[in-house]
Amino acid sequence: MRLRSFTVFEPPTEVYSTQHQYPNNRTSAMNRKLRMGMVGGGKDAFIGSIHRLAANMDGLVEIVSGALSINPEIAKESGKALFLAEDRTYLTYEEMMEKESRLPADKRIDFVTIVTPNFAHFAPAMLALEKGFHVVIEKPITFTLDEARQLKKKVDETGLILCLTHTYSGYPMVRQARAMVREGALGKIRKIVVEYPQGWLSKLSEREGNAQAAWRTDPKKSGKAGSMGDIGTHAAHLAEFISGLKITHLCADLNILVAGRALDDDGNVLLKFDNGAAGVLIASQVAAGEENALRIKIYGENGGLEWAQMEPNTLIAKTCGYQWFFALGSYFQRTHTGWTPRGLFGSLR
Ligand SMILES: NC(=O)c1ccc[n+]([C@@H]2O[C@H](COP(=O)([O-])OP(=O)(O)OC[C@H]3O[C@@H](n4cnc5c(N)ncnc54)[C@H](O)[C@@H]3O)[C@@H](O)[C@H]2O)c1
């Protein structure tokens with residue numbers, strides 16, 4: 007049996023253009039870079055610098071202001087390190103939203119990126135929307151479902167954009183997988199196996215000064231979920247994103263495997279999807295020795311796909327007796343300003 011025919015995914019160029027269609031059908035053509043303000047992401051932080059790297063990739067965004075740390079000294083130092091103007095290096099996000107909103111339209115920020123721990127997502131996001139700024143927010147969107155609903159209501163009222171960053175859906179080979187599933191190359195999806203093992207919480211590093219571990223293992227800062235919220239949500243999102251299906255039922259076994267923790271550091275979940283497909287999701291931060299080994303396998307009537315974040319430019323397509331390896335090729339126009347290097351795919355065509 008062979009996989010049904012499929013085409014190579016090509017991102018719609020408008021996704022990467024500076025043309026944006028607002029909900030009220032107004033189209034805005036930008037002739038300048040977007041101005042970003044950042045909350046969190048100072049020298050004391052992990053993911054903020056990755057956001058800045060990503061924002062720089064297409065040369066269309068510049069960071070112009072920030073409330074970069076909960077610690078005022080670090081906030082100032084971080085602003086200096088990024089060459090932010092002194093009067094736009096703020097000590098609190100409240101000050102940032104207030105002062106930025108009073109700047110002339112051709113100077114103030116266009117959007118805010120929020121890269122604080124989970125408990126500090128909602129308040130700056132809501133304030134940013136109230137002050138008229140679009141928002142990019144790290145996952146998980148908020149601390150509680152009720153807060154998320156309040157943000158949704160505000161987004162609906164204002165017509166502003168709120169983006170939630172599930173990083174892994176951006177990989178070209180993940181987009182390719184989704185496009186193949188959408189056009190039916192695998193047939194009806196029957197089974198999804200997704201695993202996200204990390205090993206960095208194998209010891210009680212939260213007691214040894216690891217700031218990232220400290221808030222992630224504290225229910226008052228992380229929320230109800232530990233590892234399942236921190237990385238299980240990525241796995242669940244990836245399964246839904248590639249398959250186009252929705253998880254409707256689950257049965258979860260959450261574990262605290264390192265004694266002394268208050269939140270899960272490991273979990274196994276059985277899944278049911280809205281087309282009847284079955285799935286398994288494993289998330290663990292105590293899989294000693296693992297780095298960031300997110301991997302998904304998705305099977306339909308005609309064949310399967312496999313993708314792993316540690317080898318992101320390769321997508322394996324399988325059917326009984328055959329395997330194809332797709333690699334990032336010249337068809338993946340990543341931005342409107344550049345192309346990814348020519349890869350294996352070109353030679354397979
Ligand atoms: N999408 C992903 O792959 C991914 C990866 C890592 C982290 N995250 C998410 O990003 C967020 C941050 O995680 P991290 O590991 O970078 O945390 P971190 O502890 O390394 O950094 C948090 C930053 O926020 C600052 N901060 C805290 N409260 C603040 C406040 N009220 N005002 C201004 N700054 C404040 C801290 O000073 C620090 O600079 C979390 O929600 C996490 O779930 C997502």
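Read left to right, the sequence shown gives residues 7 to 355 (the working numbering).
For each residue, glycine too, the CB sits at the ideal point set by N, CA and C.
Predicted model only: the values in this text are computed from it and were never measured.
Any chain D beta carbon closer than 8 Å to residue 182: No chain D is present in this structure, which holds just one protein chain.
Buried versus exposed, by CB contacts within 10 Å (16 or more), residue 219: buried
Sub-8 Å separation of residue 248 and residue 322 beta-carbons: Using a Cβ distance threshold of 8 Å, residue 248 and residue 322 do not count as a contacting pair.
For residue 124, the three-state DSSP class (helix, strand or coil): helix
Delimiting residues of the alpha helix (DSSP H) encompassing residue 53: For residue 53, there is no enclosing alpha helix (DSSP H), as DSSP marks it with neither H nor E.
Residue 48 CB to nearest heavy atom of ligand 1 below 7 Å: Checking every heavy atom of ligand 1 against the Cβ of residue 48, one is found closer than 7 Å.
Nonlocal neighbours in the same chain, by C-beta distance under 8 Å from residue 59, ignoring five residues either side: If we look at residue 59 and ignore the five residues flanking it on each side, it has no Cβ neighbours.
Meets three-Cβ-pair contact criterion under 8 Å: the segment 131 to 150 and the segment 163 to 182: yes
Close Cβ partners of residue 295 (< 7 Å) along its chain, the five nearest in sequence each way excluded: 205
Residue 232 versus residue 315: straight-line alpha-carbon distance, rounded: 21 Å
Residue nearest to residue 200 in terms of C-alpha spacing, selected from 286, 99 and 55: 286
Supposed contact pair residue 43 and residue 118 - C-beta distance, whole angstroms, cut 8 Å: Confirmed, about 5 Å.
Nearest neighbour of residue 283, chosen from 246, 312 and 265 [CA to CA]: 246
Nearest to residue 41 (by Cα), restricted to the options 61, 192 and 187: 61
Continuous alpha helix (DSSP H) stretch holding residue 78: start and end: Looking at the DSSP string, the run of the alpha helix (DSSP H) that includes residue 78 is 78 to 87.
Check: residue 76 C-beta below 7 Å from any heavy atom of ligand 1: Indeed, a heavy atom of ligand 1 lies less than 7 Å from the Cβ.
Residue 131 vs residue 120 beta-carbon contact at 8 Å: yes
Within 8 Å, strictly: CB atoms of residue 192 and residue 308: With a cutoff of 8 Å on beta-carbon distance, residue 192 and residue 308 are scored as near each other.
Spatial distance of residue 325 from residue 189 (CA atoms): Looking at the two C-alpha atoms, the distance is approximately 16 Å.
Where the alpha helix (DSSP H) containing residue 152 begins and where it ends: Residues 151 to 164.
Exposed unless 16 or more other CB atoms sit within 10 angstroms - verdict on residue 327: exposed
Collapsed DSSP secondary structure at residue 349 in the structure displayed: With a pLDDT of only 37 at residue 349, under the threshold of 50, the placement of this residue in the model should not be trusted, and no figure is reported.
Simplified DSSP state of residue 185, which is helix, strand or coil: helix
Minimum C-alpha distance to residue 4 - residue among 110, 112, 79 and 111: Limits of the chain in this structure are 7 at one end and 355 at the other, which puts residue 4 out of reach.
Three-state class that DSSP yields for residue 214 in the structure shown: Three-state result, residue 214: helix.
Run of the beta strand (DSSP E) containing residue 301, from where it starts to where it stops: 301 to 306
Burial state of residue 148, where buried means 16 or more other Cβ atoms lie within 10 Å: Buried: at least 16 other Cβ atoms inside 10 Å.
Residue 91, enclosing alpha helix (DSSP H) - first and last residue: Segment: none, residue 91 is in no alpha helix (DSSP H) and carries neither H nor E.
Contact between the segment 172 to 181 and the segment 258 to 267 (3+ Cβ pairs under 8 Å): no
Residue 225 burial status per 10 Å Cβ neighbour count (16 or more: buried): Residue 225 is exposed by the Cβ-count criterion.
Per-residue DSSP class, three states only, for residue 144: strand
Three-state class that DSSP yields for residue 242 in the structure shown: helix
Euclidean distance between Cα positions of residue 239 and residue 94: Residue 239 and residue 94: Cα-Cα distance of roughly 34 Å.
Assigned exposure category for residue 313 - 16 Cβ within 10 Å defines buried: Classification for residue 313: buried.
Residues bridged to residue 255 (per DSSP): 278
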